[in-house]
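Numbering (the numbering used here), first residue to last: 26 to 889.
Report on the following structure.
In structure tokens form, the structure reads like this:
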């Protein structure tokens with residue numbers, strides 16, 4: 026330190042002039058404000074003499090060790106000596122850690138931190154200091170330093186004015202000006218202070234209030250002063266009792282100031298947290314004058330504290346495991362969820378690294394990549410399989426983040442992880458549900474398509490072929506309908522197991538739905554091996570199935586196709602394999618067929634017909650022919666069957682056996698069937714009018730048509746009424762299979778026809794699995810014996826016995842019988858012999874167009 030004796034005070038200003046009382050009072054307020062705002066025990070204004078330094082103004086702080094009028098000799102190492110001698114400000118955050126200041130006399134008073142500014146005359150000579158001291162380490166913030174500089178400027182300016190005024194005649198006027206200037210500067214400092222400052226009356230009313238204070242509470246200075254605001258009315262009611270108790274202690278002399286955290290009610294109704302410092306000022310007689318209040322907005326800090334508190338709650342109560350390590354990765358802290366999840370307590374793993382949790386699930390490269398990411402970016406996130414204390418390995422979702430020191434070095438690393446075992450199980454279940462058939466546990470259509478796509482890509486890479494087998498169970502529907510769906514499900518499960526046993530583990534067996542299965546065979550060397558595989562599947566599926574107490578038999582039809590020989594993609598390959606399967610089914614079932622070019626041609630033909638069918642009705646390509654139904658005992662014709670014909674403009678006459686199934690598939694059967702009924706009904710009415718006979722025409726109704734709405738039935742009945750044709754003149758022909766499949770509203774629709782008066786015939790009787798109860802339930806009028814029974818009809822054949830049995834049964838049920846396909850007189854005579862009622866076939870007439878049919882009827886009526 027410099028020797029102050031070498032720089033004597035040439036201008037002992039404070040000795041030579043009398044400082045006015047008002048100025049001293051403002052300096053006193055200045056010192057009190059400094060101490061209050063900075064929350065320190067001592068704020069001083071010092072003046073220097075030739076050999077000593079004196080405390081001129083001292084704050085009224087409770088723990089202030091300095092008192093006005095006290096003097097100390099210079100050259101003793103005081104903080105202020107250095108400020109005076111160097112004429113520069115001085116900051117000592119902690120004298121105890123600084124050898125230069127540890128012997129300072131101020132330290133013996135407990136003042137270990139210091140910040141002071143020189144008070145200078147315009148010539149540069151120093152006549153004192155303004156300083157603040159604290160009993161704890163304090164680096165003093167910038168706001169405090171700025172405030173001191175403004176106060177220092179105010180003191181210097183006022184003294185200059187006072188000194189100059191004392192040397193002239195206008196000393197009093199200049200002193201008054203100095204005081205006014207001092208007050209102006211003081212108010213400027215007061216108004217622009219970075220903290221809220223207010224002078225408050227003993228009653229609580231605000232006497233003066235600065236802008237920052239007003240900003241904090243949301244009111245203007247005019248509102249506060251004009252409306253005589255009190256601190257009580259802006260204080261949150263819950264905080265007011267503590268405030269009043271502290272005020273009482275100040276007034277009683279128990280305290281000279283108090284500091285607290287409290288809440289104000291902002292003008293907009295929100296709550297504002299502040300740090301409040303209140304000091305009571307008294308006059309020379311000790312009478313309380315007013316309070317000086319200083320406030321700082323601590324909303325951000327309270328929010329941070331709340332967030333910190335919340336973070337602590339989350340840390341302790343979170344279901345997510347958390348752990349903190351040092352820069353070396355050694356564990357420092359864990360939360361309860363960590364212990365619950367891993368089984369480790371802190372004392373078991375403190376100081377250890379995460380290696381203790383590692384499993385053998387991941388490779389060294391995995392952990393190396395994780396470490397590289399953490400070192401380079403400070404973070405990592407992903408799925409990890411770790412090991413509990415018990416040795417159990419479990420999946421977790423791990424997130425690692427890093428906090429750093431100001432110099433960029435690692436301070437802490439924080440790991441958060443959650444046990445995702447349940448999620449993994451759920452994902453596995455969802456994957457199975459999305460990709461596997463729930464009944465057979467085989468891959469479903471979705472997974473099958475994906476694997477077929479992958480197999481084709483492999484074939485493209487390796488220049489070999491992929492084989493697809495399309496399997497359909499023959500007679501499965503009969504088992505399902507007869508024994509019930511539960512037995513049907515059991516059969517499908519067993520069938521899936523048998524199919525799997527016939528192929529390799531590397532091959533894919535899938536269930537597309539219903540009784541359809543597919544097999545993807547990869548890299549089969551020859552067709553013979555594939556054929557043997559297909560035959561082995563057929564043989565296994567032909568063995569009996571033991572379903573509970575029942576025994577059932579099915580077979581399989583298998584279509585086989587190859588990529589790239591038969592198709593260019595997955596969709597085409599599945600399509601051609603399906604076509605090959607249908608060829609196998611049409612070949613008698615229980616066999617396999619390879620796809621051929623002829624099948625493709627047939628498929629293309631069917632596709633063309635399907636497209637053309639959509640326009641055929643509107644371009645009048647359809648014709649209705651009528652085949653007479655003859656009463657065998659009399660030879661009379663009072664019935665006919667309406668038969669649809671398609672005259673294609675390019676392909677010629679297309680067989681109904683070809684286009685009817687196509688119409689059923691593409692949905693056009695509804696419009697076509699409705700048109701046929703309308704045409705037939707009109708024809709029946711025309712014949713009745715033309716020939717004067719009660720004539721009946723039968724119309725085939727496809728089972729698919731029963732899926733349409735009830736409006737068609739209503740329209741048909743309305744049509745009959747409009748043309749004055751009795752409903753019994755129309756017969757609805759259905760297959761016996763429809764009676765076996767009476768699901769949904771099919772029974773209601775059948776009964777609607779019956780209730781309207783239309784008659785009902787069962788076509789192709791004897792080829793299916795009819796139930797006699799259905800014949801009675803739906804009050805069937807006619808049974809039509811299928812042509813397969815009449816084709817080889819002779820006296821001692823099985824067909825003859827079956828036809829006789831059908832007739833006897835039908836008559837017992839009061840049902841008439843019509844035999845189809847009668848072509849010879851012998852067949853006719855045998856049918857008459859067994860009592861058959863009606864017959865139709867080429868023996869009597871082939872199906873005829875309407876005009877030719879009317880001519881035929883006219884001749885027969887004339888004969889009758």
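Built from N, CA and C at the ideal position, the CB exists for glycine as well.
In this text the structure is predicted, and so the values were computed from the model without any measurement.
Check: Which one or two residues does DSSP pair with residue 741 in a beta bridge?; Outcome: Residue 741 is not bridged to any residue.
Check: Which same chain residues, not among the five before or five after residue 749, have their C-beta less than 8 Å away from its C-beta?; Outcome: 710
Check: Starting from the C-beta of residue 223, find all residues in its chain whose C-beta is less than 6 Å away, skip the five residues before and the five after it, and write them out in chain order.; Outcome: 231, 234, 238 and 318
Check: Using the rule of at least 16 other Cβ atoms within 10 Å of the residue's Cβ for burial, across every protein chain shown, is residue 794 buried or exposed?; Outcome: With a pLDDT of 48 at residue 794, under the threshold of 50, the modelled position of this residue cannot be trusted; read the value that follows with caution. With fewer than 16 other Cβ atoms within 10 Å, it is exposed.
Check: How long is the line joining the alpha carbons of residue 780 and residue 845, rounded to whole angstroms?; Outcome: 27 Å
Check: What are the boundary residues of the beta strand (DSSP E) that includes residue 784?; Outcome: 784-790
Check: In three-state terms, what does DSSP make of residue 505?; Outcome: helix
Check: Give me whichever residues DSSP pairs with residue 650 in a beta bridge.; Outcome: 668 and 874
Check: Given a cut-off of 8 Å, decide if residue 139 and residue 63 are closer than it, judged by their beta-carbon atoms.; Outcome: no
Check: Mapping the DSSP letters down to three states, classify residue 71 as helix, strand or coil.; Outcome: strand
Check: What residues in its chain sit with their C-beta under 8 Å from that of residue 434, if we drop five residues either side in the sequence?; Outcome: 352
Check: If residue 813 and residue 652 are in contact, beta carbons under 8 Å, what's the gap, nearest whole angstrom?; Outcome: Their Cβ separation, rounded to whole angstroms, is 18 Å, which puts residue 813 and residue 652 out of contact at 8 Å.
Check: CA-CA distance, residue 313 and residue 347?; Outcome: 57 Å
Check: By the three-class DSSP mapping on this structure, what secondary structure does residue 656 have?; Outcome: strand
Check: Are three or more beta carbon pairs between the segment 646-666 and the segment 857-871 nearer than 8 Å?; Outcome: yes
Check: Leaving out five residues on either side along the sequence, give the residues of the same chain with a beta carbon under 6 Å from the beta carbon of residue 788.; Outcome: 758, 760 and 809
Check: Going by CA-CA distance only, name the one from 464, 557, 551 and 241 that's closest to residue 540.; Outcome: 464
Check: Does the segment 438-452 touch the segment 414-424, meaning 3 or more C-beta pairs lie closer than 8 Å?; Outcome: yes
Check: Could you check what DSSP says for residue 130 in three-state terms: helix, strand or coil?; Outcome: helix
Check: Write down every uninterrupted run of the beta strand (DSSP E) in the segment 531-616 whose length is 3 residues or greater and which is fully enclosed by it, in chain order.; Outcome: 533-538, 541-547, 570-572, 575-577 and 580-588
Check: Residue 52 lies in the alpha helix (DSSP H); which residues open and close that run?; Outcome: 46-63
Check: Which value, in whole angstroms, describes the spacing of the CA atoms of residue 155 and residue 354?; Outcome: 51 Å
Check: By alpha-carbon positions, which one of 307, 267 and 266 ends up nearest to residue 276?; Outcome: 307
Check: Check this for me: beta carbons of residue 67 and residue 158, under 8 Å apart or not?; Outcome: yes
Check: Determine the direct distance from the alpha carbon of residue 576 to that of residue 818, and round the result to whole angstroms.; Outcome: 34 Å
Check: Quick one: which unbroken beta strand (DSSP E) runs of 3-plus residues sit fully inside the segment 357-438? Chain order, please.; Outcome: 405-412 and 418-429
Check: Which class does residue 276 belong to by DSSP, given the choice of helix, strand or coil?; Outcome: helix
Check: Would you say residue 382 and residue 411 are within 8 Å of each other, going by their C-beta atoms?; Outcome: yes
Check: What residues are listed by DSSP as bridge partners for residue 287?; Outcome: 299
Check: With three or more beta-carbon pairs closer than 8 Å as the criterion, would you say the segment 830-848 touches the segment 608-628?; Outcome: no
Check: Considering only their Cβ atoms, is the gap separating residue 687 from residue 727 smaller than 8 Å?; Outcome: no
Check: Between the alpha carbons of residue 741 and residue 752, how many angstroms are there, rounded?; Outcome: 10 Å
Check: Which two residues bound the contiguous alpha helix (DSSP H) that contains residue 851?; Outcome: 850-858
Check: Could you tell me which residues DSSP puts in a beta bridge with residue 809?; Outcome: 843
Check: Can you look up residue 529 in the DSSP assignment and give me helix, strand or coil?; Outcome: coil
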